[in-house]
Amino acid sequence: MPEAGRIIRLATAADLEEVQRCAEAAYALYVPRIGKEPAPMIADFATQIAAGQVHVCVEGVQLHGFIVSYARDDHVHIENVAVLPGQQGTGLGRTLIGHVENEARRAGIDAIELYTNQKMTENLSFYPRLGYQEIRRGEEGGFARVFYRKELA
239 MPEAGRIIRL
249 ATAADLEEVQ
259 RCAEAAYALY
269 VPRIGKEPAP
279 MIADFATQIA
289 AGQVHVCVEG
299 VQLHGFIVSY
309 ARDDHVHIEN
319 VAVLPGQQGT
329 GLGRTLIGHV
339 ENEARRAGID
349 AIELYTNQKM
359 TENLSFYPRL
369 GYQEIRRGEE
379 GGFARVFYRK
389 ELA
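Residue numbers (our numbering): 239 to 391.
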């Protein structure tokens, strides 16, 4: 559940610029580590928003973070979770992921999969703390990725 005053809602076309700014701010620190912009910085957010794949967390008119997810095979795939740097460490990322998990349960889907870049080392301990298990590592789209899965109860 988001903090009081914050809501999670489906993104609209009007959110596009703020979603892009959030992604750029959230992932900027990884550019030197990876040697290029990570995939979430260059995603086609307009298409993802139009497809109903993006949820935003807002407080009033201020966007604090977003998550991109969609059903795939036997699970929901989380493509992207981004939180503004000033909001990181507040539990917002965990809240956004929890929102997707709850939506998956309501839809009768009992697993979530996601990935992170191997050089985003903070995530390598974060996702397991949320109950995600590493299922494999590999190269995809020119990035070294770590793939995780969580079975929902």
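Backbone N, C-alpha and C define an ideal beta-carbon position, used for all residues, glycine too. None of these values were measured; they are calculated from a predicted model.
Residue of the options minimising C-alpha distance to residue i
i	options	result
I335	V306, P323, D348, D312	V306
V296	F304, G290, A289	F304
T250	G273, P270, I272, A289	A289
H313	L301, V299, R343, G327	R343
N340	F283, Y265, Y268, E389	E389
Y265	G369, V292, T359	T359
G380	K274, A263, G298, F364	K274
A309	V292, C260, L330	V292
F385	N355, G369, A252	N355
A284	V269, P270, P366, V257	V257
A252	V299, V269, E378, L267	V299
Presumed contact (8 Å Cβ cut-off) between residue i and residue j, rounded CB distance
i	j	result
L254	I287	6 Å
I280	K357	Not really, about 16 Å apart at Cβ, beyond 8 Å.
Q371	R383	The pair is not a contact, with the Cβ atoms about 15 Å apart (cut-off 8 Å).
R332	L368	7 Å
Burial state of residue i, where buried means 16 or more other Cβ atoms lie within 10 Å
i	result
I245	exposed
P278	buried
P276	buried
I350	buried
Limits of the unbroken beta strand (DSSP E) element including residue i
i	result
V299	Run containing V299: none; DSSP gives neither H nor E here.
E275	Looking at the DSSP string, E275 is not in any beta strand (DSSP E), and its letter there is neither H nor E.
I245	244 to 248
I350	349 to 355
Y386	381 to 389
V320	The identity of residue 320 in the sequence shown is Ala, whereas the question assumes Val. Here the beta strand (DSSP E) through A320 covers 313 to 321.
Host alpha helix (DSSP H) of residue i (start-end)
i	result
G336	330 to 344
Y370	Run containing Y370: none; DSSP gives neither H nor E here.
Y265	254 to 265
A281	From DSSP, A281 is part of no alpha helix (DSSP H); its letter is neither H nor E.
6 Å CB neighbourhood of residue i in its chain, flanking five on each side removed
i	result
E317	V306
L352	I316, Y386
Own chain residues within Cβ distance below 7 Å of residue i, not counting five before or after
i	result
L330	C295, H302, G303, V321
A263	L322, P323
V269	E275
Beta-carbon contacts of residue i that lie in its chain and below 8 Å, excluding the five residues immediately before and after
i	result
I347	A309, D312, H313, V314, L390
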